[in-house]
Amino acid sequence: MFKIHCGGGWSVSPYQAAGAFYLQHDELFFPCENWNDLPVAMLEGWCEEIATSLAENETIDLWFLDGDYMVRLFPCSEDMFRIEFVEDKGLESERIVDTFDIEAKIFLQEVLDALDVCIAFETDRGKSTEKLHAAKETMLHLKRRWLYAK
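Residues in the sequence shown are numbered from 0 upward in steps of one, following numbering that gives the first Met the number 0.
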């Protein structure tokens, strides 16, 4: 089972919103359960990186904004990703916490669900969601690509 947990425990300033953002693979939470970060900013950056890197069929490093944690995606085949949860302390001292394979469409749907949470939150507080909607359109396009790849 794979899930992106997004939202809840929101705290806002005039410039950003912090809230829960962490990933789950089976019983493992990464970076940890109830991790607090900047979901809106992260997802905007993650979606841009996913779209750019997938177009080049490159490995994708998706960084958390708080801490030394990243999710690394390897396009394995036309419809599968290999995912690594990585703790990176710099100076070539990466620690791979977990590795697993997942269907691309499942991963992309989890990103879409997290985007929906952020869009609803930002809409409720009267903030612009233009970038989030653009990111969602990009992820929908990529997901359709994998749904109809076969």
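By construction, the Cβ of each residue, glycine as well, lies at the ideal position given by its N, Cα and C atoms.
- In the DSSP assignment, S10 is bridged to A17.
- The beta carbon of E93 sits closer than 6 Å to those of V85, D87, all from its chain and outside the five residues before and after it, given in chain order.
- Going by beta carbons, D65 and D36 fall inside the 7 Å limit.
- Closest option to L141, judged by alpha-carbon separation, among C5, G8, K2, S52: S52.
- Counted as a single uninterrupted DSSP element, the beta strand (DSSP E) harbouring P74 occupies residues 68 to 74.
- In the DSSP assignment, the residues bridged to L27 are H24.
- Counting only the Cα atoms, P13 lies some 12 Å from G125.
- When only Cα atoms are considered, L22 and S76 end up about 22 Å apart.
- In the structure shown, the three-state DSSP call for M79 is strand.
- Annotation for D60: M69, R71 place their beta carbon closer than 6 Å to its own, counting only its chain and skipping 5 residues before and after.
- One Cα belongs to V39, the other to E136, and the distance between them is close to 15 Å.
- In this chain, E57 is not harboured by any beta strand (DSSP E), its DSSP state being neither H nor E.
- Cβ atoms of W34 and F20 come within 8 Å of each other, at about 6 Å.
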